[in-house]
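One structure is given below, encoded as structure tokens.
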Amino acid sequence: MSAGRFVLHAAAWAVVVFLMVPTLVVVPMSFGPAEHLQFPPGGFTLRWYGDYFADPDWMSATWFSVRAGIIAAVGATVVGTMTALALVRGRVIGRRILDLLIVGPIVVPHIALAVALFLVYDRLRLNGTLVGFAIAHTVLAAPFAIFSVLAALYRFDADLEMAALSCGASRWRAFWHVTLPLILPGVLSGAMFAFIISFDEAVISFFISDIDGKSLPRKLFEDIDYNLTPVVAAVASLLSVVSIAVLVGGHIVGRIAARRRAG
Numbered sequence: 063m064s065a066g067r068f069v070l071h072a073a074a075w076a077v078v079v080f081l082m083v084p085t086l087v088v089v090p091m092s093f094g095p096a097e098h099l100q101f102p103p104g105g106f107t108l109r110w111y112g113d114y115f116a117d118p119d120w121m122s123a124t125w126f127s128v129r130a131g132i133i134a135a136v137g138a139t140v141v142g143t144m145t146a147l148a149l150v151r152g153r154v155i156g157r158r159i160l161d162l163l164i165v166g167p168i169v170v171p172h173i174a175l176a177v178a179l180f181l182v183y184d185r186l187r188l189n190g191t192l193v194g195f196a197i198a199h200t201v202l203a204a205p206f207a208i209f210s211v212l213a214a215l216y217r218f219d220a221d222l223e224m225a226a227l228s229c230g231a232s233r234w235r236a237f238w239h240v241t242l243p244l245i246l247p248g249v250l251s252g253a254m255f256a257f258i259i260s261f262d263e264a265v266i267s268f269f270i271s272d273i274d275g276k277s278l279p280r281k282l283f284e285d286i287d288y289n290l291t292p293v294v295a296a297v298a299s300l301l302s303v304v305s306i307a308v309l310v311g312g313h314i315v316g317r318i319a320a321r322r323r324a325g
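Note that this note's numbering gives residue 252 to position 190 of the sequence shown, counting from 1, and the numbers run on in steps of one.
Have a look at this one:
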């Protein structure tokens, strides 16, 4: 290995370690027996995880986030797939403007989006509602679904779709039986990313929540301010585990789909 490549790999691993250190610190604290956050922990207990699962407020926020995440993942995947198909297969008027709109939710600060959504939702009475969360998170997650499906479409051989059309298949039938199975890993990856983005999003969720309808990150921030206990560390650890599990699951599904396609 050359010196330049070694330095590049070392820098990449250093960044990964730097990003993982906070998680490696939080997880042990969630098992500590003390009534406050302590590192290193003075013992081992599962009490704080039990308190989390036994608390109706935590469970309500968790299931609210799960429902919003699933709806946002489905919405972002559908919108992302249709948009990606239009960009690759069609001739879109104002393509550059559309490209800017697609990356808008990524480059625009979330605090600006949060304030704008709060003002709009306040008039529409959508603050604290599942519909409001689903719409906001779909907007945030759609660009990631679009990029994922675009990558799959650029690798897809369009001649296969044309062959299906020449054999008498309709556009919908050709997409459903030929195109979709071959780009499915990209579609599923977009759905996984969309769910994680929705499930972990905190800034916008904080603004559009109310007393009855709040997400898990919003509840987490509330307890950090007013009721800081190791339960917070337990919830943060569970959020990390869920995110990693979804990403690993998406990778496994993608590998299986790729093997079936190659076979």
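For glycine and all other residues, C-beta sits at the position ideal for the given N, C-alpha and C.
### Task
State the Cα-Cα distance for the pair ALA123 and ASP117, rounded to the nearest angstrom.
In the sequence shown, the residue the question calls residue 123 occupies position 61. In the sequence shown, the residue the question calls residue 117 occupies position 55. Each residue's alpha carbon lies about 10 Å from the other.
#### Entry: Contacting residues, own chain, Cβ-Cβ under 6 Å from THR200 (five flanking each side not counted)
For this step, residue 200 is matched to residue 138 along the sequence shown. Only ALA134, GLY137 and ALA138 meet the Cβ criterion.
### Message
Let me check understanding here. Comparing Cα to Cα, which of ARG158, LEU278, TRP234 and GLU284 lies closest to PHE115?
### Response
What you label residue 115 is simply residue 53 of the sequence shown in a count that begins at 1. For PHE115, the nearest C-alpha among the options comes from LEU278.
### Message
Would VAL88 and ALA298 be called neighbours here (beta carbons separated by less than 7 Å)?
### Response
If you number the sequence shown from 1, residue 88 lands on position 26. If you number the sequence shown from 1, residue 298 lands on position 236. The answer is yes: Cβ separation under 7 Å.
### Message
Helix, strand or coil for PHE101? Go by DSSP, reduced to three states.
### Response
On the sequence shown, residue 101 is found 39 positions in, with the first residue counted as 1. Three-state result, PHE101: coil.
### Query
Could you give the distance in angstroms between the alpha-carbon of TRP234 and the alpha-carbon of HIS172?
Indexing the sequence shown from 1 puts residue 234 at position 172. Indexing the sequence shown from 1 puts residue 172 at position 110. If I take the Cα positions, the gap works out to 37 Å.
### Task
Could you tell me how far apart the beta carbons of GLY112 and PRO103 are, in whole angstroms, since I believe they sit closer than 8 Å?
The residue labelled residue 112 in the question sits at position 50 within the sequence shown. The residue labelled residue 103 in the question sits at position 41 within the sequence shown. About 16 Å separates the two Cβ atoms, so there is no contact after all.
### Task
Just confirm the distance between the C-beta atoms of GLY275 and VAL211, as a whole number of angstroms; I'd bet it's less than 8 Å.
Numbered from its first residue, the sequence shown carries residue 275 at position 213. Numbered from its first residue, the sequence shown carries residue 211 at position 149. About 31 Å; that fails the 8 Å criterion.
### Task
Using only alpha-carbon positions, find the residue among LEU242, GLY230, PRO90 and VAL140 that is nearest to ALA220.
Start at 1 with the first residue of the sequence shown, and residue 220 comes out as number 158. Per the Cα distances, LEU242.
### Message
Which residue wins for smallest C-alpha separation from ARG217, given the options MET82, LEU99, LEU250 and ILE245?
### Response
If you number the sequence shown from 1, residue 217 lands on position 155. Checking every option, the nearest Cα to that of ARG217 belongs to ILE245.
#### Entry: Assigned secondary structure, PHE115 (DSSP; H/G/I helix, E/B strand, else coil)
Translated into positions along the sequence shown, residue 115 becomes position 53. Here PHE115 sits in helix by DSSP.
### Task
Grab the span of the alpha helix (DSSP H) containing ALA213 for me, first residue to last.
On the sequence shown, position 151 is the one that residue 213 refers to. Counting along the chain, the alpha helix (DSSP H) containing ALA213 begins and ends at 192-217.
### Query
Could you give the distance in angstroms between the alpha-carbon of THR145 and the alpha-carbon of SER228?
What you label residue 145 is simply residue 83 of the sequence shown in a count that begins at 1. What you label residue 228 is simply residue 166 of the sequence shown in a count that begins at 1. Between THR145 and SER228, the C-alpha separation is close to 24 Å.
### Query
Does the Cβ-Cβ distance between MET91 and ALA295 come in under 7 Å?
Taking the sequence shown and counting its residues from 1, the one referred to as residue 91 is at position 29. Taking the sequence shown and counting its residues from 1, the one referred to as residue 295 is at position 233. Result yes, Cβ atoms of MET91 and ALA295 sit closer than 7 Å.
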